[in-house]
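Report on the following structure.
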Amino acid sequence: MTTKRTRTRARALTRARTWPVARVLRDRDAGLYLATVVVSGFGTAALWLASGVWVKELTGSDGLAALCLLAMWAPTLAGPLLGTIADRFRRKPLLIGVNLSLAALLLTLLTVDSARDLWLLYAVLFVYGAAGAVHDAAESALVAAAVDPSLLGDFNGLRMTASEGMKLVAPLAGAGLYAAYGGPGVALLDAVTFVLATGLYAALRVHEERPAPTANGWLERTAEGARHLWTRPRLRSLVLAGGATMLCAGVNGASVYAVVEGLGHSPAYAGVLYAVQGAGSVAVGLASGPALRRLGARRFAACGTAVTAVAVALRAVPWDPVALVCSAAIGAGLPCVLIAALTAVQRETPGPLLGRAAATANTLMFAPNVLGLAAGAALVEPVDHRALLAVLGVLWLLTVVPLLHSPASASRAVSRSPSDANPA
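Under numbering that gives the first Met the number 0, think of the first position of the sequence shown as 0, with each following residue one higher.
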């Protein structure tokens, strides 16, 4: 009897080690978190598409339509300051408050029906982006407290899978809803998703202590998050590699229509390439947890970055099968460094500091994407896209080198560098 019970327990432990994704999904709080990603991500992706179409229809201006994306992205630059809010309050009530506030704010868009009301749309999108920075910082900190540290890599991978999966579905649904009910209908849908997400956050069973009061000023508290990332070589190298990756990704993204034209297709074919790329991201999200445990964060990030760099360079080949394979490879390789960096920040940052550190890491990683898009837009016209992609692939591959240095050697370099005393 004892032997049988021992064997049963051993099989259960083996299954738990073999299927960590199942362990994440069986965890009640982790499952609720993933549900919020699906629900709120669906609404956000739908609004992201519809807002540009909405402005284009009201004004006929491509430039004004593009400002919608800028309005949502601009607050990311203030991420470190906004992340400080996530460390001043308990994270669960803060997330509930942010979601309810955004739901109420989106209802104001029901009054937008002409070009003279566009100021309200831009203002809402700007606040939407700022609230998103606070939301992401608070969510990262709360996840680190609620999910087993050994499963954070699996959770972040599943989060990536859920997020990318919504990007494949939500734009089509948003376009259909916009065609039927216009921009106000999409805004109402997004408001409903925030209310649903609020209910899911309220159901979480997470005990949080009230943050201790501090005499430090706002800027000093913000600097503590940057200082934490800067003085830890492992975190610093991963976050900077993530920023370099997103910078290159921006240039690559700006060239997608030139790639489509080189293939001899209409611009609508870009949707096919993006769908294949999204499928690659969904796949790597499922495999990221085991890969992180097997390779470690730095090698996992380096492998993903190398795959992406090679795939970008090969996009210069004007052949549909190559373009599709490269899109899938980019989708699979691009998220690796982002997942590795976020997981490392969550694991190696004290809870009271995690909101600021996560927000600073997000800014350092995602803000360069805007610069990359601008650079790509400036280069893709005067430079042949095939030469641009080939050079970009080589430069992107060079960003792998710092990830291959051991943390020990990086630590020695830090101790010798006087500039490291000043994160600014």
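Even glycine gets a Cβ: it sits at the ideal position worked out from N, Cα and C. These numbers come from a predicted model, not from an experiment.
Legend entry - Simplified DSSP assignment, three categories, for residue 202: As a working note, residue 202 is residue 203 in the sequence shown. Coil.
Inset, instruction - Give the C-beta separation of residue 384 and residue 270 to the nearest angstrom, bearing in mind that I take them to be a contact with Cβ-Cβ under 8 Å. - result: As a first step, residue 384 must be located in the sequence shown, where it is residue number 385. As a first step, residue 270 must be located in the sequence shown, where it is residue number 271. About 18 Å; that fails the 8 Å criterion.
Inset, instruction - Drop a sphere of 10 angstroms on the beta-carbon of residue 60, count the other beta-carbons inside from all chains shown, and report buried for 16 or more, exposed for fewer. - result: Translated into the one-based positions of the sequence shown, residue 60 becomes position 61. Exposed, since its Cβ has fewer than 16 Cβ neighbours within 10 Å.
Legend entry - residue 228 beta carbon less than 7 Å from that of residue 237: Position 238 of the sequence shown holds residue 237. Position 229 of the sequence shown holds residue 228. Not closer than 7 Å, so no.
Inset, instruction - Just mark residue 134 as buried or exposed, buried being the case when its beta carbon has 16 or more other beta carbons within 10 Å. - result: For the purposes of this step, residue 134 is taken as the residue at position 135 of the sequence shown. Residue 134 comes out buried.
Inset, instruction - For residue 318, name the three-state secondary structure that DSSP assigns. - result: Start at 1 with the first residue of the sequence shown, and residue 318 comes out as number 319. Coil.
Inset, instruction - Starting from residue 73, trace the alpha helix (DSSP H) both ways and give me its first and last residue. - result: Mapped onto the sequence shown, residue 73 falls at position 74. That residue, residue 73, is in no alpha helix (DSSP H); it is neither H nor E in DSSP.
Legend entry - Check whether residue 328 and residue 310 have beta carbons under 7 Å apart: Translated into positions along the sequence shown, residue 328 becomes position 329. Translated into positions along the sequence shown, residue 310 becomes position 311. Yes, they are a contact pair.
Legend entry - Cβ separation of residue 85 and residue 93, assumed to be a contact under 8 Å, to the nearest whole Å: Here residue 85 corresponds to residue number 86 of the sequence shown, with the count starting at 1. Here residue 93 corresponds to residue number 94 of the sequence shown, with the count starting at 1. Right, the Cβ-Cβ distance comes to about 7 Å (below 8 Å), so this counts as a contact.
Legend entry - residue 13 - DSSP class collapsed to helix/strand/coil: Against the sequence shown, residue 13 aligns to sequence position 14. With a pLDDT of 47 at residue 13, under the threshold of 50, the predicted position of this residue should be treated as unreliable, and no value is reported.
Legend entry - Among 83, 335, 388, 106, the one whose alpha carbon lies nearest that of residue 364: Here residue 364 refers to the residue found at position 365 when the sequence shown is read from its first residue. If we check each option's Cα against that of residue 364, 335 comes out closest.
Legend entry - Contact under 7 Å by Cβ, residue 72 with residue 281: As a working note, residue 72 is residue 73 in the sequence shown. As a working note, residue 281 is residue 282 in the sequence shown. No.
Legend entry - residue 169 to residue 44 span [Cα, whole Å]: Against the sequence shown, residue 169 aligns to sequence position 170. Against the sequence shown, residue 44 aligns to sequence position 45. If you take the alpha carbons of residue 169 and residue 44, they lie about 6 Å apart.
Inset, instruction - With DSSP as the reference, label residue 367 as helix, strand or coil. - result: In the sequence shown, the residue the question calls residue 367 occupies position 368. In this structure, residue 367 counts as helix in the three-state DSSP scheme.
Legend entry - Start-end ranges of the beta strand (DSSP E) lying completely within the segment 292-352, minimum 3 residues: none
Inset, instruction - List the whole-angstrom C-beta distance separating residue 101 from residue 122, where the pair is believed to meet the contact cut-off of C-beta under 8 Å. - result: Along the sequence shown, one-based indexing puts residue 101 at 102. Along the sequence shown, one-based indexing puts residue 122 at 123. Contact flag wrong, Cβ pair sits at about 13 Å.
Inset, instruction - Check residue 231 in the structure and name its three-state DSSP category. - result: Here residue 231 corresponds to residue number 232 of the sequence shown, with the count starting at 1. Note: residue 231 maps to coil in three-state DSSP.
Inset, instruction - Would you be able to state if there are at least three C-beta pairs under 8 Å between the segment 145-162 and the segment 340-357? - result: yes
Legend entry - Rounded separation between residue 246 and residue 103 - CA only: As a first step, residue 246 must be located in the sequence shown, where it is residue number 247. As a first step, residue 103 must be located in the sequence shown, where it is residue number 104. C-alpha separation (whole angstroms): 34 Å.
Inset, instruction - Have a look at residue 42 and residue 50 and give me their C-alpha separation to the nearest angstrom. - result: Position 43 of the sequence shown, counted from the first residue, corresponds to residue 42. Position 51 of the sequence shown, counted from the first residue, corresponds to residue 50. Roughly 12 Å separates the two Cα atoms.
Legend entry - Touch test, the segment 385-394 against the segment 311-330, Cβ-Cβ under 8 Å, three pairs minimum: yes
Legend entry - Identity of the residue in 218, 250, 194 nearest residue 359 by Cα: Along the sequence shown, one-based indexing puts residue 359 at 360. Out of 218, 250, 194, 218 has the C-alpha closest to the C-alpha of residue 359.
Legend entry - Residue from 351, 316, 264 whose Cα sits closest to the Cα of residue 207: Here residue 207 is taken as the residue at index 208 of the sequence shown, counted from 1. Of the listed residues, the one whose Cα sits closest to residue 207 is 351.
Inset, instruction - Sort 25, 323, 403, 113 by Cα distance to residue 58 and report the nearest one. - result: One-based indexing of the sequence shown puts residue 58 at position 59. Ranking 25, 323, 403, 113 by Cα distance to residue 58 puts 113 first.
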